[in-house]
Structures are given as C-alpha cells and as structure tokens.
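Following: one structure in structure tokens, then a few remarks.
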Amino acid sequence: MKYTINLVRTIRIEERKAEVQRVRVLVLLGVCVGLLVLSVFYATLQVLTMEATLREEKDKLARIEAEYKRYKETTMIVNKADVELLNRLQSQRIFWTKKLAAMALHLPENYWITDFSFSQSTFNVKGYGYITPDQRQLVTIDDYLNLLREDSTFSDVFSQVFLNSTERTDEKVRERVSFDYSAISNR
C-alpha cells in the first residue's frame with residue numbers, strides 16, 4: 547500500500563498558521579507599543595501640569611511671603627494704656643442723641659437752650675426763656691430740672707443736676723430769664 551501525502555499542502559497550512567501567528571504577534575506588539583506611547587504621553591502631560599501648578603503655587607507663596615514681610619514690618623506696639631483707653635471709650639461713651647432729646651422733651655414752652663458743653667464729666671447748659679405774667683420763672687426752671695432728674699434716659703448718665711444761676715433781663719419787647727445748669731456724669 548502506498549500512501550500519497552501532499553506535503554506541499556501541509557507546508558502551506560503551516561506557513562499560513564505561522565503567518566497568522568506572526569500577524570497576531572505584530573498586532574499585539576503594535577497595541578502594546580501604542581499603549582506604552584499613550585502612557586508616556588499621559589505621564590508627561592501630568593508631569594508638565596504638576597510643574598505648572600507647582601510654579602503657580604511658588605509664585606503665590608512668594609507674593610504671600612512678601613505681603614507677610616510688609617505686614618510684619620508695620621506691626622504696632624500696643625501697650626496696656628491704649629487698650630484701657632479704647633475699652634473706656636467704648637464702654638463709657640454717652641449717646642448724646644437720647645440725652646438731647648430728653649432735654650428737648652421736657653423743656654418748657656417759650657424756653658430755649660442756647661449753649662451746652664461737656665468737659666471732664668460735667669455737662670453745662672445755658673438757655674433763656676420768656677417770663678410769664680405770674681412771675682413763676684424759677685418754679686418753671688426747677689420743675690424742668692426735676693423732670694430731667696426723673697427721666698431715666700437722662701439720669702442714667704447724669705445722676706446729679708444743679709441749677710448754677712438765673713438772671714432776669716428786662717428788654718423793651720419782653721422780659722426774659724437766663725439760666726445755667728450743670729449735670730454731673732456718673733461715668
């Protein structure tokens with residue numbers, strides 16, 4: 547018995563298998579090289595981005611350090627007397643709007659305040675008013691001062707109110723009385 551074997555065909559099949567395997571290896575090698583190139587590109591991009599961010603942060607740090615040096619050079623020396631003065635100014639201040647409103651509220655009709663001043667816890671007030679036909683100007687001024695003493699808005703700061711002087715002035719048109727009183731601050 548004789549067998550006929552087609553060796554060419556077997557060789558061709560093996561050549562095709564080898565060619566397919568070579569193509570597979572080349573494709574796989576191409577994909578691996580492509581992935582490697584992409585990885586290197588991505589890593590380079592990340593490094594460049596980080597370097598740019600690092601440069602920006604160094605610039606910010608340099609600016610902040612320069613600002614800090616400028617602020618450090620301009621620091622003030624605050625002593626105890628300054629702090630106490632500031633505390634006293636804030637805690638012992640007088641809200642004048644309410645005090646002046648209380649003075650105006652109780653001021654009798656036809657009486658005016660012409661001058662006021664505050665110095666070293668003494669509030670001095672001057673004014674005048676027209677004399678009524680019943681000659682009760684001293685009683686009117688005393689009632690006015692009593693109302694100020696009783697008014698909690700005024701007396702919370704000025705606990706003592708004193709009449710300093712009164713003076714009657716006779717003018718051609720009307721007679722008037724000038725008055726001067728002081729209020730002592732309890733602060």
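The opening position of the sequence shown corresponds to residue 547 in my numbering, with each subsequent residue numbered one higher.
Yeah, the Cβ is synthetic: ideal placement off N, Cα and C, and Gly gets one too.
query	result
Sub-9 Å separation of F708 and S731 beta-carbons	no
With 16 other Cβ atoms within 10 Å as the buried cut-off, status of I687	buried
Three-state secondary structure assigned by DSSP to D716	strand
At least 3 beta-carbon pairs within less than 8 Å: the region 596-615 vs the region 647-663	no
Which of helix, strand or coil DSSP assigns to T556	helix
Simplified DSSP assignment, three categories, for D680	coil
Under the three-state DSSP convention, the category I659 falls into	strand
Identified DSSP bridge partners for V671	F662, Y727
Simplified DSSP state of V707, which is helix, strand or coil	strand
Three-state secondary structure assigned by DSSP to R639	coil
Distance between beta carbons of T715 and R722, contact taken as under 8 Å	5 Å
Backbone secondary structure at R568 - three-state DSSP	helix
Inter-stretch contact (C-beta, 8 Å, three-pair minimum) for the region 678-694 and the region 622-640	no
Inter-residue CB distance, Q683 and G675 (contact presumed, cutoff 8 Å)	7 Å
Where R609 sits in the DSSP three-state scheme	helix
Assigned exposure category for F669 - 16 Cβ within 10 Å defines buried	buried
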